[in-house]
Each structure stands twice: as structure tokens, then as C-alpha cells.
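Asker: Handing you this structure, nothing more for now.
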């Protein structure tokens, strides 16, 4: 063992020695400059130094890597730039639609996953479809494409999602609302999608979304394998994680344990289904694993790798999209109102998929949400041969080329000067049908909006994902409003995007009919980044007054306003130190630990109502 370590570290030591000397002196000189670069929003292109390339800037921006590279690529003249992390690690980053089309379609054969990508994820994904190239990828794609296009699988997916909604998600949300509980909505959605994808892929129900919100060993191991595998990409020297893997220490030891648990679990299910198939002419279940086995694909490693890949694809992408969608809705009540209106117009309350398909405005809102917060913010390929991109950028064999989906959704040249606004109408046009005006969805080409990939590798489950998301949105918004308790969540990314930690702690409120409300004062205690709380309020008329007068503040309304604000400020002043201050307003029975309320005047004494 000692001899092996000497042989391993000697060449590495001689390579590292001059680098350490240079790094030490450069770090002292450049530390403040790099720190300032990482803290500003106006990011310049990463500067490269001899031997260490752009390592300093890359390291300083580790925690905001997506946003940092987004700023840099948007600032570059052609929405494309080249940077050097370390010698031999040259990368091209682009947000140019013409370049995206070049690498994902026109020159598809020249831009593959690459040896580095495949090696980095091979322990977790094996030779599954998302880690495969060439004939292996082509074969898996054909098999999966055939299964995705079958009506029976689509019907099975609908049944799985409906059961999870009606028997788990909505009852759990109802209980949380009735008890005025604060919940981690991101965690709830991740549990929901994990149950769904496991049932669809394996025919196995992990029961991850239950009232107790219990832990799942399989889910925990899967997430651990996902996170550690992703962090391998962030190592400036891949040899570091390879040494740790060889020595079975640190994160690589945890990865080995996690992957072993995932594979052991998957292999057990594969063997059970193969045994069942040997005893019967065909399998009763219609999940993807059963379909692959029934079609004659009996190689254990093949079916295990492909199913694990599909679990990864379906587990986090849908929950990430829904998490950011509900957060954006909470900040854009006008859009929320339009979606609720669309839901209520459906004859059966959109309880069936046929009606969900016609939810055009909701489809546009989901598309708009994923423009700003794509589930997969970046993806990359490796050049198999030398090439020149459409803008003249030279690409050498072995270089990585990354297209930045997150940046593309924020480019004024693509989306206009209002790109920062959450505006579903940018995806819609007004048309006249049968004498009435309706919305019609107008999609973008997949190279301008590569949220679902593009070209030959475009996502097979795109339409299925939209149907599931619209079904969830319709069910949740038909009953509740989602009220986040933190104003500005932090965007982070592993293989998929997430909100950091428990930033989507929220409360749920039942939607209430307000047909009898004339005048209202709304108040909210808002959590601040600094850790304190602030009181915000507004007032207005809910509908035309019954006496026909104009909706302008009159003596009665002004008196109510003064009364309510006096009570608010008696308790809270201009700011609140805790939610207890809000409870002292007399709303504790209605809200528990809540932070929102509405004081309503309807020609009678002012009362507190849920909002």
C-alpha cells in the first residue's frame, strides 16, 4: 500500500510544488480583487493567470457559480466566451441560440458527453441513457421513445399522479392549513415527485409523502449520490476525487455507500420482476421496468442503469420547476388570479387530464417560470474534433462547450427589455374562436429556450411533465394560496436547481369568496434578509359599492382605516420583532403562527378574515 501511495503522489507532488509557490504569492495579491468580483452583480469575464488559469475567480464564486457565469456570458459580445480553469481545462460557455443549435443539432455527432463527464457520473448512473454516447445511447433512446409513446404508459402516469394528489398531497396540505402549520413546500414537492417517479419507473411505492414525512433510505441514498457526483465536477483537479475514491475516504466513501444502497435496491426489484416474468407469460404491471423486461431487455445492468437515469430525470426536475413556479406566483398575484380564473372555468374543476390540456394560460405561466428558473440551468458537451462555432470561436478537440440555459432566459436580446418580469403573456397571442376571444400558446424554438434540451437528445418526457405540473397546479390552486415566509430565496444547483435549505417555508390559506366585501385593509408581517420583520399593509375596495357611489375612500372607510392601523401600530409599531406581535392582533385563533391577515368592512363592524 505504501509503495502504491509513493508511486501515486510523487509525480503529483512535482507538478504541484511550483503551482503552490505561485499560488501563495498570487493569492495574497489578488484575494481582495477576486472577493470584490464575486460580490458584485456586474461580473467581468474571468481573468486567467499563468499556471492557475481562472481558478481564483472560479473558487471565489463557487457558491454562485450559475449566476457568475450567467453574468459573464451575457456581458460577452457574442454571448460566448472561453475561460481556463486550470492548464488543460479550457471551456467555452455560450448563451447564443445559433451556437446552441450548432452543438445540439447541426454538429450533434461532434459534441458528445465526453470522457470526463461519463467518468464523473459513471459510479452513479453507470451506462444509463444520460451518461451514454454513440450506439449505446441510440439504442436506449429508441427503446425509451417507443415506451413513452404508448397510450397505456400515459394512462398509467395519469393514474399514478392522480392517486398521489388525491390521497397524499391534498390531504397533507389540508391538514397543514387547518392547523395553521408552516411547511417546507419544496420538501413536500420533492417527496411527491419521488413517489411518482418510483411508481412510474419501478412499480414501487416508497411512501415518501406521508403525513409523518418519514425518512426513506432509498431517497436519502439517491440524493446523497446525486449531490456528491455533482460536486466532482467542481473539483479543479479531478485527480483529487479519484485519489479519494481509490483510498475510499471522505465524500467518495459516502458516495460508494450511497450508490451501493441505490443499486442494491434497484437490483432487488429487477430480480423480483424477472422472476415474476419467468413464472408468467407477461407482467401485470405497466411501469417502465416491467415494459423493458417484457420487451426482451433482460440484461440486469442495462435495465437498472436506464431506470435509475429516468428516476434522476423525473425526481428533481419537476419538483424544481413547481417550487419556483409557486414562489413566483406568490410574488405576482395578477398571474395567480388569471390561473385561478382558468381553473374555475373548467366544468369539472380540472380533475381530468383532458381539461388540463386546455389550460393555456397555466402552460404559459409554467414556461415563463422555467425561463427564469430552469430545472437544469446548464448543460455541456465535449468536442470530439476541432471545430469553429458560428460566431468564430475556435474549439479544440477535448474542450468542453457549455450552453447556459439560465443565462439565456435573462437576455434582453432574446426576451426584450422586460426580461426580468414574470409575464406569461409573452408566450400567448389573442385569437378569436366561435365569436369569443381566447388565448393561444405560442412556443419558442428549442435552441432559444433549451429548457428541455434540443436536437436528437430533446427530453422524451416533456409533454408528460407539463401535464403533471398543470395537474398539480390546478389541484393546489383550486384549494389554497401558497404564502412564502422568506422574500428572496437563494438559487443553487446540483444536477438540477433548488432553493437553498428551507427557503420555501410557507403557509397555506384556503381561497375565500369575497362577494360581500366592500372595503378591506390587508396587512402582512414580512421576514427580512437581516433577520427581523417588517409590517406592510394596503387598502382598497373589493367590488363596486352597493349604494352606487364611486369607489373612493369616504368617511366610513377612512374611519375603519384609522382604527385598523391604530391597532396594528399599537402592537407592532413600524416594525415587528416576532410573529407573536402579529398574533396579538386577535387573529391567533384564525392563524396560529401566521403572518397575514385581512380586515374587512362590509357596512358592519370590522372583522379579521383569512387572506
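In my numbering, the protein residues as written are 1 to 611. We put the beta carbon where it would ideally sit given N, CA and C, even for glycine. All figures in this text were calculated on a predicted structure; none of them were measured in a lab.
#1: Please report how far the alpha carbon of residue 99 lies from the alpha carbon of residue 177, in whole angstroms.
#2: Starting from residue 408 and walking both ways along the alpha helix (DSSP H), at which residues does that stretch end?
#3: What residue range is occupied by the uninterrupted alpha helix (DSSP H) comprising residue 279?
#4: Taking contact to mean at least 3 C-beta pairs separated by less than 8 Å, is the region 459-474 in contact with the region 312-326?
#5: Opposite residue 90 in the DSSP bridges: which residues?
#6: By the three-class DSSP mapping on this structure, what secondary structure does residue 183 have?
#7: Express the C-alpha separation of residue 135 and residue 443 in angstroms, rounding to a whole number.
#8: My guess is that residue 95 and residue 74 are in contact by the Cβ rule of under 8 Å, so how many angstroms apart are they, rounded?
#9: Taking three-plus beta-carbon pairs below 8 Å as touching, is the region 336-344 in contact with the region 146-166?
#10: Would you list, in sequence order, the uninterrupted beta strand (DSSP E) runs of no fewer than 3 residues that lie entirely inside the region 128-216?
#11: How is the beta strand (DSSP E) around residue 291 delimited, first residue to last?
#12: With distances taken Cα to Cα, identify the nearest neighbour of residue 468 among 429, 67, 193 and 79.
#13: Say whether the region 471-490 touches the region 164-173, bearing in mind that this needs 3 or more beta-carbon pairs closer than 8 Å, one atom from each stretch.
#14: Check for me: the beta strand (DSSP E) holding residue 314 runs from which residue to which?
#15: Identify, in the order they occur along the chain, each residue of the same chain with its Cβ nearer than 7 Å to the Cβ of residue 225, setting aside the five sequence neighbours on each side.
#16: Using CA atoms only, rank isn't needed, just tell me which of 494, 390 and 401 is closest to residue 381.
#17: Can you tell me where the alpha helix (DSSP H) with residue 612 in it begins and where it stops?
#18: In angstroms with no decimal places, state the Cα-to-Cα distance between residue 596 and residue 508.
#19: Going by Cα to Cα distance, which pick from 119, 120, 366 and 137 is closest to residue 109?
#20: Would you report the Cα separation of residue 572 and residue 330, rounded to the nearest angstrom?
#21: If distances are taken between C-alpha atoms only, which option among 288, 390, 484 and 466 comes closest to residue 143?
#22: What residue does the beta strand (DSSP E) around residue 492 start on, and which one ends it?
#23: Find the nearest neighbour of residue 129 within the set 310, 297, 196 and 185, judged by alpha-carbon distance.
#24: Going by C-alpha distance, which of 112, 463 and 151 is nearest residue 132?
#25: List the whole-angstrom C-beta distance separating residue 618 from residue 367, where the pair is believed to meet the contact cut-off of C-beta under 8 Å.
#26: Near residue 306, what residues of its chain come up, given a Cβ to Cβ distance below 6 Å and the 5 sequence neighbours on each side ignored?
#27: Which one or two residues does DSSP pair with residue 383 in a beta bridge?
#28: Could you name the residues of the same chain whose beta carbon sits closer than 7 Å to that of residue 70, not counting the 5 residues immediately before and after it, in chain order?
#29: Take residue 97 and list the residues in its own chain whose beta-carbon comes closer than 8 Å to its own, dropping the five residues that flank it on each side.
#30: Which value, in whole angstroms, describes the spacing of the CA atoms of residue 338 and residue 90?
#31: Between which two residues does the alpha helix (DSSP H) harbouring residue 412 extend?
#32: If we call anything under 7 Å between Cβ atoms a contact, is residue 80 one with residue 391?
#33: Just the Cα atoms here: how many angstroms apart are residue 219 and residue 242?
#34: Quick check: the Cα distance between residue 416 and residue 425, rounded to an integer number of angstroms?
#35: Assuming contact is defined by CB atoms lying nearer than 7 Å, are residue 360 and residue 452 in contact in what I supplied?
#36: How many angstroms separate the CA atom of residue 230 from the CA atom of residue 435?
Answerer: For this structure:
#1: 48 Å
#2: 405-408
#3: 250-279
#4: yes
#5: 84
#6: strand
#7: 32 Å
#8: 7 Å
#9: no
#10: none
#11: Looking at the DSSP string, residue 291 is not in any beta strand (DSSP E); the run it does join, the alpha helix (DSSP H), is 288-294.
#12: 193
#13: yes
#14: Segment 300-331 is the alpha helix (DSSP H) holding residue 314; no beta strand (DSSP E) there.
#15: 124, 255, 258, 259 and 262
#16: 401
#17: Because residue 612 is not part of the residues shown, which for the chain are 1 to 611, the question remains open.
#18: With a pLDDT of 43 at residue 596, under the threshold of 50, the modelled position of this residue cannot be trusted; read the value that follows with caution. Roughly 11 Å between the two C-alpha positions.
#19: 137
#20: Residue placement at residue 572 is poorly supported in this model, since its pLDDT is 48, which falls under 50; the coordinates still yield a value, given next. If I take the Cα positions, the gap works out to 24 Å.
#21: 288
#22: 491-493
#23: 310
#24: 112
#25: The shown model of the chain, from 1 to 611, leaves out residue 618, and the question about it has no answer.
#26: 128, 129 and 140
#27: 111
#28: 404, 406, 407 and 410
#29: 408, 414, 445, 447 and 448
#30: 47 Å
#31: 412-415
#32: yes
#33: 25 Å
#34: 13 Å
#35: no
#36: 53 Å
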